[in-house]
Amino acid sequence: MTEEINVLALVKGEERYVFLFSDQRRAEALRTLGRYASNPDLSFTWYDAAVLSQKIRAQAADQNEPVASDAAVKPRFEFPANGPIDIGSLDSDHLDFDEFS
């Protein structure tokens with residue numbers, strides 16, 4: 057029996073981002089999206105990562121295969137929809153900027 061490979065692609069102008077991953081590697085694919093978004097040398101943005109990660113999770117839900125919650129990228133806290141953010145009021149445990157490195 058052959059293993060199925062999921063293909064997820066993003067076209068940005070002349071650039072092409074193509075992600076290939078198996079069902080067992082969904083969490084790793086999600087982490088890769090975060091690494092690409094945090095790389096200033098790429099045009100891949102956090103918005104791109106959010107849209108593609110939503111597609112990965114939707115596909116898993118369609119197949120009734122949940123993405124491992126401990127390995128998936130999840131927001132640590134919610135930002136207000138608009139207005140200033142008082143970083144001093146955030147718990148320092150929530151400020152982990154090395155999560156994707």
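Residue numbers (my numbering): 57 to 157.
Note that the Cβ used here is the ideal one computed from N, Cα and C, for glycine as well.
- Residue 89 has its alpha-carbon roughly 12 Å from the corresponding atom of residue 65.
- Residue 72 and residue 119 have their C-alpha atoms some 27 Å from each other.
- With 16 or more neighbouring CB atoms inside 10 Å of its own CB, residue 109 falls in the buried class.
- In the DSSP secondary-structure assignment, residue 117 is not bridged to any residue.
- Contact check for residue 92 against residue 86 fails: the beta carbons are separated by 8 Å or more.
- Only buried fits residue 112, as 16 or more other CB atoms lie within 10 angstroms of its CB.
- Ranked by how close their Cα comes to the Cα of residue 68, the residues 100, 81, 95, 105 have 100 in first place.
- A residue is called buried once 16 or more other Cβ atoms fall within 10 Å of its Cβ, and residue 105 is buried on that count.
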